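Data first, discussion second: the structure below is written as structure tokens.
Residue numbers (the numbering used here): 79 to 199.
Below, the structure written as structure tokens:
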């Protein structure tokens, strides 16, 4: 499926009261928080930890508990829906945003500034 097709289909499920910038932005943050919360609960339960900037035992936990992976993937789907909605209310396509981002990263990599600071490096 192409990103623009996803965006169109996803927004066909959007309620009229949700089709605005404020809702899409604030709920995008909320959905990212829900995803992070699932990871935090795994850490709290001692089933995962973050060590040297990596989620340790992630594969073991996901293999032993496929429902955790399924729940995490559902949250990522919600994040994608909200991002798609934010793009829609801003009148930009998700695919254009993805292409622009890849072009920006390729340019930074080419100029050897991918590890730099600032948005306009």
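All C-beta atoms, glycine included, are put in the ideal place defined by N, C-alpha and C.
Fair warning: this is a prediction, and the values are worked out from it, not measured in the lab.
Nearest-angstrom Cα separation, counted from residue j out to residue i
i	j	result
residue 99	residue 81	20 angstroms
residue 130	residue 121	15 angstroms
residue 205	residue 172	Residue numbering for the chain in the displayed model covers 79 to 199; residue 205 lies beyond these limits and cannot be assessed.
residue 139	residue 147	Below a pLDDT of 50, predicted positions are generally treated as unreliable, and residue 139, at 49, falls in that range; the measurement from the model is reported next regardless. Roughly 9 angstroms separates the two Cα atoms.
residue 106	residue 189	32 angstroms
Three-way DSSP call (helix, strand, coil) for residue i in this model
i	result
residue 82	helix
residue 128	strand
Exposure of residue i, with buried meaning 16 or more beta-carbon neighbours within 10 Å
i	result
residue 102	buried
residue 196	exposed
Close beta carbons around residue i, own chain, < 7 angstroms, minus the five adjacent residues each side
i	result
residue 154	113
residue 116	149, 150, 153
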